Structure formats: structure tokens, C-alpha cells
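2 protein chains.
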Amino acid sequence: MPTRIGKYTIEMGSKPVILGFASVVGKKEGEGPLGEYYDQCHNDTTLGESSWEKAESRLQNEAVVLALGKANLKNTDIDCILAGDLLNQCISSTFGLRSLNIPFLGQFGACSTMAQTLAIASLFAESGAARHAVAVTSSHFCSAERQFRFPLEYGGQRTPTAQWTATAAGAIVMGSPQQKQEGQIVVNSVSFGRITDFGIKDAANMGAAMAPAAAQTLLDYFSDTGSSPKDYDLILTGDLGRIGSDLMEELLMKDKIDISAVHNDCGLMIYDREKQDVHAGGSGCGCSGAVLCSYIMQQMMAGKLHKVLFLGTGALMSPTSSQQGESIPGVAHLVYLMA
Amino acid sequence: MPTRIGKYTIEMGSKPVILGFASVVGKKEGEGPLGEYYDQCHNDTTLGESSWEKAESRLQNEAVVLALGKANLKNTDIDCILAGDLLNQCISSTFGLRSLNIPFLGQFGACSTMAQTLAIASLFAESGAARHAVAVTSSHFCSAERQFRFPLEYGGQRTPTAQWTATAAGAIVMGSPQQKQEGQIVVNSVSFGRITDFGIKDAANMGAAMAPAAAQTLLDYFSDTGSSPKDYDLILTGDLGRIGSDLMEELLMKDKIDISAVHNDCGLMIYDREKQDVHAGGSGCGCSGAVLCSYIMQQMMAGKLHKVLFLGTGALMSPTSSQQGESIPGVAHLVYLMA
């Protein structure tokens, strides 16, 4: 059963299990350093659809269908699906998953959505609220740019702090602890983050806006569990990029916590920053979703990584809030994965 | 512990308890038939803020603070808050709750958000994932109109099927089953709904778009539990309005289920349709939130209602999805409340 440890952390007594996971990405992501690890790479980032939003919906649908297949389950076996994305009213999720006929719980955690959906799905599987629950998220460079920043046709120049929204989706099928088989990944514990706001207002510097939330949730988790960075093989943030990753490490050093030896960031892993012109790195719900649901979990299944803290980070803003002079608050949720 | 009953319903073995609830509304709602039951009515619907969006954030914050007070709890006693609203990227929730420093899980269920947040908070409290969890939602007529329909200054004429987005918020503090005291309301079970789409495309007829989802979730629940309308004092939908309520009853009659004797709708209760010029009734996340967290729960605490099925209904669309030719899918989540 879920048991609270300290103030912010929930430990899974029996440890729900990841029965399947899948990632689907676009062309730029397929050409990146992790290209060979994704389940599906689309060279046409419209995916044959008539709009970027519909293409994103399709990414999410394909990721779920692939993950279900790998878990040997059908849509009718799933008790609920937790899904979210960056678009207004989470339409990628709604329209992408509509045909699956699975009880649907829309989530909004911005780029922390993969961690948020995975954490809730884990709690449902652990407690018996769901026998099988799916966690899924997506983002699409073109749908995000035109909604949050500029029309693509405008061709605006990007600042050095900007991150590149990944065209990608990741999906995970969680099962109850009793279903665990040899070699599968389990969720050991989760920590939900508090909204943190250091007053950053630059929507082209999301890494800086999210870094304080990431640092806070990690500090909370270490404090709750009495553990430290050396107890983990990997602390994986998603997605702080270069600026945010450096800031987070700097913030943690103020508390004398050095994660540099085990820290990596999905936004730094998904693209080759030297060759792919993405400035500070990748971002978008689908960035951490696809990196986690490909290379990272494959490394865990292969016995190369055992203890992974996955820390999803989100910037909770809208163009309207920014236009009204608001800063950009961040949030970060943590999921401790074990293999 | 949560136990699955049938295909879609989760029964709470020990029954988590509602420790506090509160509602905060605007002027029009305060002048409506339930005016005397709200905790707070604002005559100035800006709430002294510089934008409608900030006013909505404030509604949500006030509802949470009042509910915490009635539960004799502080923000630091709360393990997580589940919050959502209609605005892009759920900014009413983020900015309204930022200062409370409570672990935050953004939810998107459109007007089903009160049921969705309450259902998840109940599961968390039941399973031990949270000792105390808060569910909250809000809407504001002015922020919703300009985002989803027309600028207020345009003064567009409303069609007869249109519903009036309530300026309102509702908040509930859930506690673990062990905390129950005499006379308090408990959550007995919940059912999460599937996305349902009958192809309605008129964004001024949300009731029709949501009615099929409401009918489906209720049918699922009756089928799972073997119960029927006569087993309940009230089946409370929120918010179908006049058109949607009639349609839902008609859809259920096809399965020979007659709920008319026990059915009411928050969208029909919140305004006086004869005098308040709201056409088909009220809507918006805050409509069902405020009606549930005032008159309904007060009636339950007073022993006048014992068994209430609360069925939150949401239309999962955005202006973008409608502009791209999409229909308006609905979703409905059910919470069975007992006093």
C-alpha cells in the first residue's frame, strides 16, 4: 500500500510494475543521439494529418497502442489512462485517445506531465484503484511554437536560452505489483512537487524557470528518505536543458548537495547540441516522455541502470499569464524507478 | 482500500471523509436561488484584481482557504491539492494556489473537474497516499467568454442553447477514513468516464455535447453496482443545463432507465432561468463546484439528503480543435457521496 515517508514522499509497499513502454518521435528526434532506441520515428512530422495538433494527437495514440502491444494488453484491459500535453485544453490527449475508449483523466503538469501521469498511475496500480493504468504525454514542435511563441512562418530568431520543443510522445503501462515478472522495472516511490516561483519572466528561458522547482522537489525527497545522490545510478531531470541543469546543480550546491556525478537531463540527451541547432536543449512533455520510454528504460531492462530518480519539470504558464505580467512558476514531480 | 467493482467503478473499503468544503461566487450567482448557501459572494466580480483571469485565481484561492478553515487545517497539513479550470494551461489554478505551497497536481477535465479532483483526492485519502488532500476548481464568466467565444465588448447575442459560465469556485478537503466524525459526508465509490463523442460541433450547445458522456458513465455505474435510480436521493449532474439534462434523460430511457424523479442539474439550480437571462442554464467548472460545495453538501450535513450521485460532465474541446473541424467530445466522472 502507499505509505507516506516524511512530508512529501509516498513509498509503494508492494511496488507496481511497468508492463510496457513505448516512444514515438519526429524526424529531428530520430536523427538525434537516441534515434536507434525509439519504437517509431516519423520522417513526415505531419504524420499524414492536416494540422500539427492532429499530428500530435496521433503521436500520442501511436505511443499508447505500441506500449499496450508490448504489455500484451488490449485497450479494454486498461482501467484508466492519465494523459496530458501542452496544448490549450489538452486537446492532443483528448483527440488522440478518444478512439481507445479507456476511462480518461486529463492531466496538466506542462513538461512535468510524464512524471505526474506515471506517479498517479503508479499509485492507482499500487492501491488497487486500477489493475492496469496507462500514463502518456506528447508534444510537437510546430503546435507548441505557434501556440506559445510565434507563427512558424514568421521565422523568428531564437535566443541562446531557448529550448526546442520535441516532437515526441512516451507511454507507459503500469500494472499492479502482483503482475511483476523477472527483469521488469518497478516504481519504488513518488514525490509530488510544490509550485516554485523565483520570478523568471522570460518565456524563452524555461530552464531557469523550472530549475528551482526541480531543486526543491529533490531536496524534499532526500530529506524525506535520508538518501543522497550517491545512492542512485542516475538522477534524470526532464527538461531543464543546459541553462536549467546548471542552475539546478548550483542551487543544490547551496545545500551542499552535489548531483553532478549522476545527473543528466532529457533535454540534453535528446539532441546533439553541437549539430542540431537546438540552443539550450530539448523540452516539451514529449521530450522527457520519449527519452524515459526508450533509452533509459531499455538501459534499466538491460541491467545497466538500477536506481533512477526521474524528475519531471514543468513551467506552469500561458501566453495570457505572461501578457498580464506574471512570472513563470515551475513544478517538479519525482518518480523513483528500480530495476 | 480501493476495490474495483465491475468494469468502471472503484469502491472505497473504508470511505474517506469530507472534512471541509467551501464555495465562493460572483454577483450573479449570489443573486441566484442558492445565494444564501455560499460562503462568500463577491459583488465586484473583478475581486479587486486587474484582470478576469486573476480574479478567477482569487476565487479559487479563497475557496481553498475557507475550506481549510472549516476543516481546522492549515495549508501545511495538506499532502496534495488537485486543481483545474477551463483556462489555457489551467492558469487560474496555478496562480491561485501558488502561494499555498502545497504539492500541486494540475487536472484538466473541463466542467467535470470538480468530480475528477474529488474522485482522485478520495482515492488518495482512502489508500494512504495522502492524509489530507484538497480538490478545487473554478470558472469565471468573463475569462471563459473571451477565451472560448467572443470578446465581452463585442456584445454577441447568445443562442437559446447557450449556457452561462458561472463565476464561482468550490473546494473540498478530504481526509483519511480514520478521521471521520459523526455527521460528516463520506465518499463511497467513484467511476471514471470514457471520452464519448456523438459528433456535436456547436460550441454554444455544450449540454448536448456532454449528455452522452453523462448517460454512459451512469449506465456503467448502474451496471457495475447493480443499483438503480431509486437507490439514491439525488442524481446530480453538473452541468448539462436544460438541453443537456433533457437529452441525458432521453438517452437513458432508451435503456429503460428513468432518472427523472431523482435527477437535478447544477446548471439548472445555480440561476433562476426565468429572471436571470441565462438561456439553457449555468456551466463552467465552478458551477458544479459551487453548487456541490454549498447547498448540496449542506443538505447532506443536515440529514436531508443521504445518498447522492454526483456526476461531473466536461466538454473536452478548445477553440483550435473547433476551428480545425473537430467535434466536441464529452467526459463524465461519478462520485457517490453518502451522509
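In order, the protein sequences belong to chains A and B.
Numbering-wise (numbering that gives the first Met the number 0), the first sequence opens with residue 0 and increments by one.
Numbering-wise (numbering that gives the first Met the number 0), the second sequence opens with residue 0 and increments by one.
Glycine is no exception: its CB is placed at the ideal position from the N, C-alpha and C atoms.
In this text the structure is predicted, and so the values were computed from the model without any measurement.
Going by DSSP, what residue range makes up the alpha helix (DSSP H) through F94(A)?
90-96
Taking contact to mean 3 or more Cβ pairs, one atom from each stretch, closer than 8 Å, check whether the segment 182-199 of chain B and the segment 264-275 of chain B are in contact.
no
So the candidates are Q322(A), I171(A), G240(A), P211(A); which of them puts its Cα closest to the Cα of L72(A)?
Its Cα nearest to that of L72(A), the residue I171(A) stands out among Q322(A), I171(A), G240(A), P211(A).
Return yes when at least one heavy atom of the ligand ATP lies under 8 Å from the C-beta of V334(B), else no.
What this structure holds is no ligand at all, so the ligand ATP is not there to describe.
Coil, strand or helix - Y220(B) by DSSP:
helix
Applying the criterion that 16 or more other CB atoms from any shown protein chain within 10 Å of the CB defines a buried residue, is L151(A) buried or exposed?
exposed
Assuming T112(A) is part of the beta strand (DSSP E), what are its boundary residues?
It is not in any beta strand (DSSP E) - T112(A) instead sits in the alpha helix (DSSP H) that spans 112-126.
What number of angstroms, rounded off, separates the C-alpha of A19(A) from the C-alpha of E61(A)?
The question names Ala, but residue 19(A) is Gly in the sequence shown. The straight-line gap from Cα to Cα measures roughly 13 Å.
Would A214(B) pass as an interface residue toward chain A - the criterion being a Cβ-Cβ separation below 9 Å?
no
Give the DSSP-derived three-state secondary structure of T164(A) in the structure shown.
strand
Measure the Cβ-Cβ separation of A143(A) and L85(A) and say whether it is below 9 Å.
yes
Mind listing the chain A neighbours of D78(B)? Cutoff is C-beta to C-beta under 9 Å, in chain order.
R3, K6, Y7, I9, F191
9 Å Cβ cutoff, Q162(A) in contact with chain B:
no
DSSP beta-bridge partners for I199(B)?
Answer by DSSP bridge pairing: none, since I199(B) is not bridged.
In chain order, what residues of the same chain have a beta carbon less than 8 Å from the beta carbon of I4(A), not counting five sequence neighbours either side?
E10, S188, D223, T224
Quick one: is G365(B) buried, meaning 16 or more other Cβ sit within 10 Å of its Cβ, or exposed?
Examination of residue 365(B) is not possible in this model, given that chain B is present from 0 through 338 alone.
Mind checking if Q88(B) is an interface residue toward chain A, Cβ cutoff 9 Å exclusive?
yes
Which runs of the beta strand (DSSP E) spanning at least 3 residues fall entirely within the segment 6-64 of chain A, listed in chain order?
8-11, 16-24
Bridge partners of V189(B), per DSSP?
I9(B), V334(B)
Could you tell me whether the Cβ of N204(B) comes closer than 9 Å to any Cβ of chain A?
It does not; no Cβ of chain A falls within 9 Å.
Quick check: H139(A) and G281(A), are their CB atoms within less than 9 Å of each other?
no
For the beta strand (DSSP E) containing L81(B), list its first residue and its last residue.
79-84
Let me know the secondary structure DSSP gives G266(B) once reduced to three states.
G266(B) sits in a helix when the DSSP states are folded into three classes.
9 Å Cβ cutoff met for V307(B) and L235(B):
The criterion of a C-beta distance shorter than 9 Å is satisfied by V307(B) and L235(B).
Take T158(A) and list the residues in its own chain whose beta-carbon comes closer than 6 Å to its own, dropping the five residues that flank it on each side.
A203
Figure out for me which residue from P15(B), S91(B), A279(B) has the closest Cα to the Cα of E325(A).
S91(B)
Taking three-plus beta-carbon pairs below 8 Å as touching, is the segment 234-248 of chain B in contact with the segment 169-185 of chain B?
no
What residue range is occupied by the uninterrupted alpha helix (DSSP H) comprising T319(A)?
318-322
For H262(B), which residues of its own chain have a beta-carbon under 6 Å away from its beta-carbon, when the five flanking residues on both sides are left out?
For H262(B), same chain residues with a beta-carbon under 6 Å away, outside a window of 5 residues either side, are I234 in chain order.
Between T312(A) and chain B, is any beta-carbon pair separated by less than 9 Å?
no
Residues of chain B with a CB under 8 Å from the CB of R130(A): which are they?
Taking a Cβ-Cβ cut-off of 8 Å, the neighbours of R130(A) in chain B comprise R3, given in sequence order.
Taking 9 Å as the threshold (beta carbon to beta carbon), is V330(A) in contact with chain B?
yes
Distance check for P328(A) and T195(A), CA to CA, integer angstroms please.
6 Å
Which two residues bound the contiguous alpha helix (DSSP H) that contains L239(A)?
Unbroken run through L239(A): none, as it is neither H nor E.
CA nearest to the CA of E28(B), picked from T116(B), L104(B), G285(B)
G285(B)
Determine whether the beta carbon atoms of K53(B) and A21(B) lie at a separation below 9 Å.
Not in contact: K53(B) and A21(B) (Cβ atoms no closer than 9 Å).
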